[in-house]
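Take 60 as the starting number for the sequence shown in the working numbering and just add one per residue.
Take a look at the structure set out below.
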Amino acid sequence: MLGMSANSVSYNDQGSSVESGVDAAQENSNIQASISGGAAAFSLFSADYKKNEDLKEMLESNKESLKLEAMKRVVGLIANGKNASELFPAVVKNVASKNIELKKLVYVYLVRYAEEQQDLALLSISTFQRALKDPNQLIRASALRVLSSIRVPIIVPIMMLAIKEAATDLSPYVRKTAAHAIQKLYSLDPDQKEHLIEVIEKLLKDKSTLVAGSVVMAFEEVCPDRIDLIHKNYRKLCNLLVDVEEWGQVVIIHMLTRYARTQFISPWREDAIFDENSEKTFYDSEEERRVDQSKPYIMDPDHRLLLRNTKPLLQSRNTAVVMAVCQLYWHLAPKHEISIITKSLVRLLRSHREVQYVVLQNIATMSIQRKGMFEPFMKSFYVRSTDATHIKTLKLEILTNLANEANISTILREFQTYVKSQDKAFAAATIQAIGRCATNISEVTDTCLNGLVLLLSNRDETVVAESVVVIKKLLQTQPSQHSDIIKHMAKLFDNITVPMARASILWLMGEYCEHVPKIAPDVLRKMAKSFTSEEDIVKLQTVNLAAKLYLTNSKQTKLLTQYILNLGKYDQNYDIRDRTRFIRQLIVPNEKSGALSKYARRILMAPKPAPVLQSAFKDRDRYQLGTLSHTLNSQATGYLELSDWPAAAPDQSVRNVEVVEPVKESGAPSLGKSKAGKSKEKFYSDEEEEEEEEDEESNSEDSSSSSSEESESGSESEENSEVSNKSSSSQSEKSSSESDSDKKKKTQKNKKIQQQKPDSKNRKQKNGNAGKSESRSESESGSGSSSSESSSDSGSESGSELESDSDSGTDQKKNTKSKPVQSKPVVKQVEKKEVSLLDLDDFAPTPVTTPKSSILSPSLLSDLQGLSISPTSALQASSPVFVPETSYELLHRMTGKGLSGQYRFTRQPCIYDSSMVSLQLTLSNSSEQPLENIHISQKSSSAQNIHCFNAVERLEPQASVTVSIGVNFNDSTQAANFQLCTKEDEFSVSIQPAVGELLLPVSMSEADFTREQGKLLGMNESSATITMSPENISSQSVSRKVVSVANLGVISSTQENIHRFAGKTVSSSSLVLVSVTLKDPDAQITVNTEKSVMGSMLLRQLKTALGNSAT
60 MLGMSANSVS YNDQGSSVES GVDAAQENSN IQASISGGAA AFSLFSADYK
110 KNEDLKEMLE SNKESLKLEA MKRVVGLIAN GKNASELFPA VVKNVASKNI
160 ELKKLVYVYL VRYAEEQQDL ALLSISTFQR ALKDPNQLIR ASALRVLSSI
210 RVPIIVPIMM LAIKEAATDL SPYVRKTAAH AIQKLYSLDP DQKEHLIEVI
260 EKLLKDKSTL VAGSVVMAFE EVCPDRIDLI HKNYRKLCNL LVDVEEWGQV
310 VIIHMLTRYA RTQFISPWRE DAIFDENSEK TFYDSEEERR VDQSKPYIMD
360 PDHRLLLRNT KPLLQSRNTA VVMAVCQLYW HLAPKHEISI ITKSLVRLLR
410 SHREVQYVVL QNIATMSIQR KGMFEPFMKS FYVRSTDATH IKTLKLEILT
460 NLANEANIST ILREFQTYVK SQDKAFAAAT IQAIGRCATN ISEVTDTCLN
510 GLVLLLSNRD ETVVAESVVV IKKLLQTQPS QHSDIIKHMA KLFDNITVPM
560 ARASILWLMG EYCEHVPKIA PDVLRKMAKS FTSEEDIVKL QTVNLAAKLY
610 LTNSKQTKLL TQYILNLGKY DQNYDIRDRT RFIRQLIVPN EKSGALSKYA
660 RRILMAPKPA PVLQSAFKDR DRYQLGTLSH TLNSQATGYL ELSDWPAAAP
710 DQSVRNVEVV EPVKESGAPS LGKSKAGKSK EKFYSDEEEE EEEEDEESNS
760 EDSSSSSSEE SESGSESEEN SEVSNKSSSS QSEKSSSESD SDKKKKTQKN
810 KKIQQQKPDS KNRKQKNGNA GKSESRSESE SGSGSSSSES SSDSGSESGS
860 ELESDSDSGT DQKKNTKSKP VQSKPVVKQV EKKEVSLLDL DDFAPTPVTT
910 PKSSILSPSL LSDLQGLSIS PTSALQASSP VFVPETSYEL LHRMTGKGLS
960 GQYRFTRQPC IYDSSMVSLQ LTLSNSSEQP LENIHISQKS SSAQNIHCFN
1010 AVERLEPQAS VTVSIGVNFN DSTQAANFQL CTKEDEFSVS IQPAVGELLL
1060 PVSMSEADFT REQGKLLGMN ESSATITMSP ENISSQSVSR KVVSVANLGV
1110 ISSTQENIHR FAGKTVSSSS LVLVSVTLKD PDAQITVNTE KSVMGSMLLR
1160 QLKTALGNSA T
């Protein structure tokens, strides 16, 4: 079944700050105290507002338990349909929390409101990018889900890069999320189709059952016409189908149905040949018969594989899966095999009425072509009194389709009961069904007609009217034999009030007026009396009756006809007026009438063909069963039509997978050769990898969703799994480790670290089952110290893991014992510089060439603390070129009750923490009383990651004091809000950083600058061209303007027209490169950094600064 979802998008970017919310709540409480009890409604709204304020305070507290409880309540509000968008600023601050459970809830909230609060979400985009490298697979997946939910075209390159990285993630859950993000990115920017197809092609090769359904859905959305991507993965998808999750099975089955209709020949050809041979005439040549018999139909093995692997899914508990398999068999299976789906479809009729409706619609379509499939189960389609009207109508349709000479008596007895139903619509539909049975089965035509005549005396006028309509259709087949019925209907004319029934009787009177020559004129006389009060459809048939009687019996009806034509001439309905004028010119001869009036009798009294009563589902087989288009009987958006069977069988070899051939060669008995040993070990390691991956899939959610209190038990179980994995793969590692031992000893002599990366990658491809399973299981555990170690090791392929990998071929037992000992200093390093280590993954594929990283010794903690693998972090920080003296107001003296504050950026490394920005505060007392215990609230400082200054015990009147603080802005220009307190008061203040103050200058050579700039191209580059006046293009003026805007270092340049500046972000140490190229009279500014949002903001400020110099 097709699924449709609608997202209601609203934009509400206005978020109130904490301090204004508290003041508003206090004002509301004061108003409540002053008003009388009659304002109960206002009190109610104030309570709701206060409730949200409590949530804000809990989210900004320094207690993890309060934050977690607040997030649970917020998610509960969302689940109940309440609007929680005003809490976005308070929630997004907790996205960098260390509590895994809190992080999960924050990401759930962000996925819901990221599209509405786009501006605030963009400010935290760097945090989401760092979370893409989190050790916990659920956090990585959630971060990608949030990124893809911010539907802003400007971050399309960031989303594309994140999807490509997630597509190669070790966790199948993250790869599944990447497949979901592909569809979102494609809907946002269809121009990315070619790049997304590359990712889809890679994910289609994934062996994980968790990924299969999602990537096929992405394939169906992005490139359903690229059937060539399915060829190599067809057999794998067929074999994985049983183990894929249910909704993934639905998508895969529908896709494989379309694929099979293009790649296999029709299995119905054999039946067609048989039918043709049975109808061959006696004079057909024997030669033609031999040609037909020499081409028997042989089903393609892949076609049979699909039918065989989908057959067990008929027992699925999911209705959509069963329906998908049924439509696959209906469209692909040989006709003698289709009947196996009947019992499964009948079983679904015991489900909910919504399910019954869809299933019955599909059965109604099938029963038209193959009655024999459902005839044994005819009792399952009997109508129950508890069925809804639409269910009853569909069952009635199916019973009518199943009617034949053998069972018509049973069905008619059932219909007799249905006619007496209190449901008028259902009773009318039953009469229509009786009419269809009478038309299709000639043996019961008279019986049905007599029964319908008896219904003309029914008390219910709806039943009588429907009977008249059906009788009118039946009488057209044999009018001469049933003149008594026409007379009987004429007598009932005065008692029938339904317009359609009265019009049907009038049509019968006019069409067969020769059979009732005495009754028809009398009916016309009655209609002339009531013509003006009749419905339009009755008036039209009255005009037709008058015209026909005028032509057959003009003596009795001439005056009546003229009277009716005159009434119709002035009728309000223009159709009736038009019909009247046409009939008058046709039947009444005059001077102006031409030759057409001579043929009036032949025109009006021409015999009409009897109507064919057909099923409403007859033409629905043009749509694929089980689709929304079939249900609506109209082509829905996104519907993909099934193609016709190919005339000739396409090439079968396109589905052959080349990997199968080396496996057969590996079975040779030459175990002593290194090549044979490696290929055999690769074969077995791939199998073990699949088993481990399936085990990890089944346990990944349990292990990663455990709380932080259970981290120790998680790490212990992780170590146990490592030991078991190593022991299970020890046999497969023996041959390869012995054959490669000499090679590894040679490669470890010189440049150990540089050659370990290609060596480890080579071992992972050939005989690295143990190392692969270690890194995968460790990176997916998501808790404990070993989890953080494995994430950094597997992501950057550096540190202690590389050492242990290099020694695993010679002494694996020693490696197993020594690894837990090495984990302790590595954990400290991760905790101290978490952000910089996470960012190292971006540079993992490139070989390390810096001198410092080549002397890495993982056993020494001091070396680890001073070491960095990334080329950017190996650069030396330099002193600032320019330190601005500009101060910004922190607190006004009127607001602070005499206490005022100024702050400025010192542009020096923070002495408290290297990831913090150093600021200098100047506090002044302009009151006449001394101020005591001036400090920053601990609650706000912990929430904002601020290093506070020591409390000022006493500040005398008209005195000032200068203190320093450190603020971790996390490379974001979002303001840091905190409480500045005295002994008696608290004041809410904020520090708004400029993007240039979040940098530290670095020194490097021109060659290093060019090399690093070459790595930061594409989405990591922002450039613009401005116009400058000739007097302001000197090196001094350009350098002065640039360093005044941003804390960058000046790089010496050999070219006079190019000025280069370099720095790194304070929090994550990401490199920021700025170059200004002077082209008289223009200047091109280029900013290169992996922080693309920061780069665009810095470029905007540089354009403003250098542009002002031009004016």
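Virtual Cβ for every residue (Gly too), placed ideally from N, Cα, C.
Since the model is a prediction, treat every value here as computed from it, not as a measurement.
Asked, Found
"Contacts around glutamine 694, its chain only, beta-carbon distance under 6 Å, and the 5 residues preceding and following it disregarded", "Ser688"
"Host alpha helix (DSSP H) of aspartate 361 (start-end)", "360-369"
"Coil, strand or helix - alanine 1121 by DSSP", "strand"
"Cα-Cα separation, threonine 476 to lysine 483", "13 Å"
"Neighbour-count burial assignment, asparagine 228, 16 or more Cβ in a 10 Å radius", "Correcting the residue type first, residue 228 is aspartate in the shown sequence and not asparagine. Buried."
"Whether threonine 981 touches glutamine 961 by CB criterion (8 Å)", "yes"
"Coarse secondary structure for histidine 994, derived from DSSP in three states", "strand"
"Endpoints, the alpha helix (DSSP H) within which glutamate 413 is located", "412-428"
"Extent of the continuous alpha helix (DSSP H) run through aspartate 505", "504-514"
"Check whether asparagine 421 and leucine 618 have beta carbons under 8 Å apart", "no"
"Valine 134 beta carbon less than 8 Å from that of valine 150", "no"
"Range of the contiguous alpha helix (DSSP H) that encloses arginine 640", "633-646"
"Closest Cα partner of asparagine 1116 within the set Glu1056, Val1135, Asp248 and Thr401", "Val1135"
"Residue interval of the beta strand (DSSP E) (run including phenylalanine 278)", "Element bounds for phenylalanine 278: not the beta strand (DSSP E) but the alpha helix (DSSP H), 268-281."
"Sequence-distant residues of its chain with Cβ nearer than 8 Å to isoleucine 256 (five each side left out)", "Val281, Cys282, Arg285 and Leu288"
"Glutamate 1015, buried or exposed, once every other Cβ within 10 Å from all chains shown has been counted against 16", "exposed"
"First through last residue of the beta strand (DSSP E) which encompasses asparagine 499", "Premise fails: asparagine 499 lies in the alpha helix (DSSP H), 483-499, not in any beta strand (DSSP E)."
"Valine 1152 and leucine 181 closer than 8 Å at C-beta", "yes"
"DSSP state of glutamine 475 mapped onto helix, strand, coil", "helix"
"Buried or exposed by the 16-neighbour rule on C-beta atoms within 10 Å, applied to valine 193", "The residue you asked about is not valine; residue 193 is aspartate in the sequence shown. Burial call: buried."
"Beta-carbon gap between alanine 1235 and lysine 956 smaller than 8 Å", "The requested residue 1235 does not occur in the structure, where the chain is confined to residues 60 to 1170."
"Short CB-CB distance (under 8 Å) between alanine 524 and chain D", "Going by chain labels, chain D is absent from the structure shown, which holds only one protein chain."
"Presumed contact (8 Å Cβ cut-off) between valine 303 and isoleucine 311, rounded CB distance", "6 Å"
"Residue from Phe1008, Glu502, Glu434 and Val274 whose Cα sits closest to the Cα of lysine 243", "Val274"
"Alpha carbon of glutamate 944 to alpha carbon of threonine 1021, nearest angstrom", "14 Å"
"Aspartate 1086 classed as buried or exposed, judged by whether at least 16 other C-beta atoms fall within 10 angstroms", "Checking the sequence, you will find threonine at residue 1086 rather than aspartate. Answer is exposed; the Cβ neighbour count stays below 16."
"Histidine 689 in three-state terms, based on DSSP", "helix"
"Arginine 681 classed as buried or exposed, judged by whether at least 16 other C-beta atoms fall within 10 angstroms", "exposed"
"Spatial neighbours of alanine 1010 in its chain, beta-carbon cut-off 8 Å, leaving aside the 5 residues before and after", "Asn992, Ile993 and His994"
"Buried versus exposed, by CB contacts within 10 Å (16 or more), glycine 697", "exposed"
"Unbroken alpha helix (DSSP H) run spanning glutamate 948, endpoints", "First-last for glutamate 948: 947-950, but that is the beta strand (DSSP E), not the alpha helix (DSSP H)."
"Residue environment, glycine 431, which counts as buried when at least 16 other CB atoms sit within 10 Å", "exposed"
"Nonlocal neighbours in the same chain, by C-beta distance under 7 Å from serine 337, ignoring five residues either side", "Unreliable positioning characterises serine 337 in this predicted model, as indicated by a pLDDT of 41, which lies under 50. A coordinate reading is not provided."
"Inter-stretch contact (C-beta, 8 Å, three-pair minimum) for the segment 634-650 and the segment 499-513", "no"
"For aspartate 972, three-class secondary structure by DSSP", "coil"
"Helix, strand or coil at cysteine 385 [DSSP, three-state]", "helix"
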